[in-house]
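Number of protein chains: 2
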Amino acid sequence: MSTHLHKQKTAALNALLTSSQRQLVRVISESGPLSRTEMANLLGLSKAAMSGIARDLIDLGVLHETETVYGQGRPSVRLDLHPECAFFVGISLLEDPAPMILSDLNGKIIARQSMPLSRDPHVIAEAITEGLPSLLQAHPDAKEKLSGIGVALSGFVDESQANCVQSTLLGWQDVPLAKIIRERSGVETFIENDAKAVAVSEKLFGSAREIQSFSVVSLGDGIGCAHFIDGKLYRGNHGGAGEIAHCTIEPGGSPCRCGKRGCLDTVSSMKAIKEMSRAEGLECTSLSDIEYEASTGNAAAIRILHRAGSALGLAIANLIQINDPGLILITHVEGSFDGLFGTVVNQAIETNVLPRYAGQTPIRIKRVDGDVWARGAASIAAHNFLIGPNSN
Amino acid sequence: MSTHLHKQKTAALNALLTSSQRQLVRVISESGPLSRTEMANLLGLSKAAMSGIARDLIDLGVLHETETVYGQGRPSVRLDLHPECAFFVGISLLEDPAPMILSDLNGKIIARQSMPLSRDPHVIAEAITEGLPSLLQAHPDAKEKLSGIGVALSGFVDESQANCVQSTLLGWQDVPLAKIIRERSGVETFIENDAKAVAVSEKLFGSAREIQSFSVVSLGDGIGCAHFIDGKLYRGNHGGAGEIAHCTIEPGGSPCRCGKRGCLDTVSSMKAIKEMSRAEGLECTSLSDIEYEASTGNAAAIRILHRAGSALGLAIANLIQINDPGLILITHVEGSFDGLFGTVVNQAIETNVLPRYAGQTPIRIKRVDGDVWARGAASIAAHNFLIGPNSN
DNA sequence: GACACTAAGTTCAGAAAATGAACAAATCAA
DNA sequence: TTGATTTGTTCATTTTCTGAACTTAGTGTC
Chain A
123 MSTHLHKQKT AALNALLTSS QRQLVRVISE SGPLSRTEMA NLLGLSKAAM SGIARDLIDL
183 GVLHETETVY GQGRPSVRLD LHPECAFFVG ISLLEDPAPM ILSDLNGKII ARQSMPLSRD
243 PHVIAEAITE GLPSLLQAHP DAKEKLSGIG VALSGFVDES QANCVQSTLL GWQDVPLAKI
303 IRERSGVETF IENDAKAVAV SEKLFGSARE IQSFSVVSLG DGIGCAHFID GKLYRGNHGG
363 AGEIAHCTIE PGGSPCRCGK RGCLDTVSSM KAIKEMSRAE GLECTSLSDI EYEASTGNAA
423 AIRILHRAGS ALGLAIANLI QINDPGLILI THVEGSFDGL FGTVVNQAIE TNVLPRYAGQ
483 TPIRIKRVDG DVWARGAASI AAHNFLIGPN SN
Chain B
123 MSTHLHKQKT AALNALLTSS QRQLVRVISE SGPLSRTEMA NLLGLSKAAM SGIARDLIDL
183 GVLHETETVY GQGRPSVRLD LHPECAFFVG ISLLEDPAPM ILSDLNGKII ARQSMPLSRD
243 PHVIAEAITE GLPSLLQAHP DAKEKLSGIG VALSGFVDES QANCVQSTLL GWQDVPLAKI
303 IRERSGVETF IENDAKAVAV SEKLFGSARE IQSFSVVSLG DGIGCAHFID GKLYRGNHGG
363 AGEIAHCTIE PGGSPCRCGK RGCLDTVSSM KAIKEMSRAE GLECTSLSDI EYEASTGNAA
423 AIRILHRAGS ALGLAIANLI QINDPGLILI THVEGSFDGL FGTVVNQAIE TNVLPRYAGQ
483 TPIRIKRVDG DVWARGAASI AAHNFLIGPN SN
């Protein structure tokens, strides 16, 4: 009974914050711990107003006091989001079995399990609902304060983060997945494209916290990309912003499954690299194998990696020219960006960017583990909790 | 005396609006005339609050009642910005002599003259100040309500729209032009990059009013580009967003004055087209001439236009893939987009965009007159008046 | 043409949110 | 110990917004 009440309260917590409180939560999630005075200045409010807002948020359990900073005058007390004021479940529909994780407001993974993947949205909703109790079992706190489910998938998602407009991988067309899961599980649910979910998780939890405009290029089996612009995820007019995989990078090149020719995807994706290797008679099952071959001087391997790296570098250079982001974050799962491929990519970026810019746009390479997608998914739920859907 | 007072009042008008009033002005400038009830809904305010805000803005002369719309119930009265509540001066530093125009809040050009171009910012400030009286002479209203000067130039401008970080054309490096002009003339001044100024003018006055995310590609002697994203001009981390002219479009192609090779600028700019024609022995002084040659079957002319068009089309297709804008607006001064060049551009866009997208992104071609840059410049001043620099 | 019906816009008392100024608290520096 | 300095709180006051009742200006019906 008490549990149920609490659940209702936290589930609606985001909704019952005033707009000033929301703004404050947003600022802290971007800047990290801040003193009340700093927050007042950032929000353009008086110290008096801040005092009240902070007190209310502390009472609600959203904020808590952290370290004390000593300077001249009375020391300031930094306030931060309470990492355990809300918990989120993230599910990646990119692999089978599908990973399912439980995370706190800092993106820390607290529990992990998996569930069978399906192409039927109702079966997915069922699997999630059945998986919840065991995921939450050892964490009574999380059970009470579960505030959202996030789902990452390969495909286009609409602006409300509720409907999958199209997914070739899952064979979907206009599937209201979020609603189906929400109704079955009783938990607020949001879905998002895989690359965009990773971008959100890097903005909330990762290495792009303080950067307002950046692009994430995520190298998995395919090539994904997403942009944050002026502190907001930019999804594009049809939700297609960041689809660099189908930029023409070799005009008149190999035919692509999308229908046109010379797409980046046909040269630089892991799938393409492996296929080209096979065609050249190389017995490679992973990028590391090919890198090894190249390091021993195998001409075919070197040629393939050069071609793939140049193409990706050129695409990223075009992205830099077009959008002038404050950071390019390249995430890769396979863990082999240190070899020839990575070198060529970096070089190709350098040579194809306006010399005045060269070196001006930081390129950060980040090796990520198998949890990226699920953590990204959870971050979508966290983002909706923190900032809300109507992110004005 | 009275004049002076009035001047002070209107100059600071923007500053003395409350944040709700500002928001309202912004919404109207985006959506066009609205009834009070519609405005209340859009801003999420009560009818009561709207009533007061509208009254104040009408008293200030910022809004006025326009048509009455009859439906069921009491008819609604649409309110619009009063076009003559503020006037702006726009100057283009792209030509010599430099055009100088006077415009109202609708972007209508009320007076026009020109001034000598200089590379010395103080001489420019002097010329503007000396030009003002004659520009305003026949318009006493504008004299009283002059609210800003905008300057468009080729180069990089910082976020405050006050400093020119770099301009190759003018030979500048960190020139605080806005401040110099402001101090000399006594009028609030803002500067902006040429392509970005055109984008703002299309958003405020032109064909992109209601579109939140779009890109403008402006074809003049060079190729400019600028993006609006979620209703805001996106300038990029170093003010370089939209620099598509130096995207590598023909890897290993002709050397470019920027230092690298195969830039779009080396194939598709008017300058490049003319140069290539000359190299091929064609006696052409304008794009129309080359178009004419092509239409009579001249192989060289056809080849040149094909190459230029394909390159520009590919660059735009990449832009679409990367940003998925709601509109691509191509503005061209030379008035010759109806021929082969235009056809090839359109075709190249189609064939290089993900087939699923093809035709989904509207491409609008707009022939503009010689006033584009000056009008764009004026729109920068208007934008700062309407929305303010701190466009939260 | 009188009547109800509908929706826009206004008014006004009261609630909500933010401010300014005075003050309490917690440290450093001399 | 005393003064300087800066954080954070309190409280009366002002600003801004809301809700409900009301006025206004039409349409539709008989």
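Order-wise, the sequence lines are chains A and B. For the first sequence, the positions run 123 to 514 when the numbering used here is used. For the second sequence, the positions run 123 to 514 when the numbering used here is used. No residue lacks a Cβ here, since even glycine has one placed at the ideal position from N, Cα and C. None of the values given here were measured: they were computed from a predicted structure.
Neighbour flag for residue i against chain A, beta carbons, 8 Å
i, result
"B:Ala140", "For the record, residue 140 of chain B in the displayed sequence is Thr; it is not Ala. Chain A, which has no Cβ nearer than 8 Å to the Cβ of B:Thr140, makes this no."
"B:His360", "yes"
"B:Ile366", "yes"
"B:Cys286", "no"
"B:Asp352", "yes"
"B:Ser410", "no"
"B:Asp316", "no"
"B:Met123", "With a pLDDT of 32 at B:Met123, under the threshold of 50, the modelled position of this residue cannot be trusted, and the question is left open."
"B:Gln283", "no"
"B:Asp387", "no"
"B:Thr188", "no"
"B:Tyr356", "yes"
"B:Gln116", "There is no way to answer for residue 116 of chain B, as the model of chain B reaches only from 123 to 514."
"B:Pro477", "yes"
"B:His126", "Residue confidence for B:His126 is low, a pLDDT of 34 falling below 50, so the modelled location carries little weight and cannot support an answer."
For residue j and residue i, the rounded distance between their alpha carbons
i, j, result
"B:Cys406", "B:Ile412", "6 Å"
"A:Ser142", "B:Leu409", "56 Å"
"A:Leu451", "A:Leu146", "27 Å"
"A:Arg400", "B:Leu326", "55 Å"
"A:Asp218", "B:Leu138", "59 Å"
"A:Glu524", "B:Gly342", "Residue 524 of chain A cannot be examined here, being either before or after the span of chain A that is shown, 123 to 514."
"A:Asn285", "A:Gly361", "11 Å"
"B:Ser391", "B:Thr290", "17 Å"
"A:Ala208", "A:His261", "12 Å"
"A:Ser322", "A:Leu292", "Correcting the residue type first, residue 322 of chain A is Val in the shown sequence and not Ser. The alpha-carbon atoms of A:Val322 and A:Leu292 are separated by roughly 22 Å."
Residue-chain proximity (residue i, chain B), Cβ-Cβ < 8 Å
i, result
"A:Leu291", "no"
"A:Lys382", "yes"
"A:Gly481", "no"
"A:Ser335", "yes"
"A:Ala439", "yes"
"A:Ala321", "no"
"A:Gly277", "no"
"A:Asn474", "yes"
"A:Asn445", "yes"
"A:Gly68", "A question about residue 68 of chain A goes unanswered here, because the residues of chain A that appear run from 123 up to 514."
"A:Ala363", "yes"
"A:Pro155", "no"
Cross-strand partners of residue i (DSSP beta bridge)
i, result
"A:Met222", "A:Ile213 and A:Gln235"
"B:Gly346", "B:Ser340"
"B:Leu203", "B:Leu185"
"A:Asn420", "Answer is none; A:Asn420 lacks a bridge partner."
"A:Leu451", "A:Val338 and A:Arg486"
"A:Gln295", "A:Gln288"
"A:Glu314", "A:Ala274"
"B:Thr190", "B:Val199"
"B:Ser157", "B:Arg200"
Any non-hydrogen atom of the ligand COA within 7 Å of residue i CB
i, result
"B:Ile485", "The model on display carries no ligand, and the ligand COA is accordingly not part of it."
task: Jot down the residue ranges of each uninterrupted beta strand (DSSP E) in the segment 351-394 of chain A, minimum 3 residues, whole runs only, in chain order.
output: Whole beta strand (DSSP E) segments, 3+ residues: 354-356.
query: Which runs of the alpha helix (DSSP H) fall wholly inside the segment 246-291 of chain A and span at least 4 residues, in chain order?
result: Considered as a whole, the segment 246-291 of chain A harbours 262-266 as its complete alpha helix (DSSP H) runs of no fewer than 4 residues, in chain order.
Cβ contact check for the segment 300-315 of chain A and the segment 411-428 of chain A: 3 or more pairs under 8 Å: Two segments are said to touch when three or more pairs of C-beta atoms, one from each, lie closer than 8 Å; by this definition the segment 300-315 of chain A does not touch the segment 411-428 of chain A.
query: Would you call the segment 459-473 of chain A and the segment 430-446 of chain A in contact, with 3 or more CB pairs under 8 Å?
result: Under the three-pair Cβ rule at 8 Å, the segment 459-473 of chain A counts as touching the segment 430-446 of chain A.
- prompt: Would the segment 273-288 of chain A and the segment 300-308 of chain A be scored as touching if the rule is three or more Cβ pairs under 8 Å?
  reply: The answer is yes - the segment 300-308 of chain A touches the segment 273-288 of chain A, with three or more Cβ pairs under 8 Å.
message: Could you check whether the segment 314-323 of chain A touches the segment 333-350 of chain A, counting it as contact only if at least three pairs of C-beta atoms, one from each stretch, sit closer than 8 Å?
response: Verdict: yes, contact present.
- prompt: How about the segment 151-163 of chain A and the segment 197-204 of chain A: do they share at least three Cβ pairs that are nearer than 8 Å?
  reply: At 8 Å Cβ cutoff, the stretches touch.
query: For the segment 224-242 of chain B against the segment 252-259 of chain B, are there 3 or more C-beta pairs whose distance is under 8 Å?
result: Between the segment 224-242 of chain B and the segment 252-259 of chain B there are three or more C-beta pairs closer than 8 Å, enough to call the two in contact.
- request: Determine, using beta-carbon pairs with one atom in the segment 374-385 of chain B and one in the segment 476-487 of chain A, whether at least three such pairs fall under 8 Å.
  value: Taking 8 Å as the limit for Cβ pairs, the verdict is that the segment 476-487 of chain A does touch the segment 374-385 of chain B.
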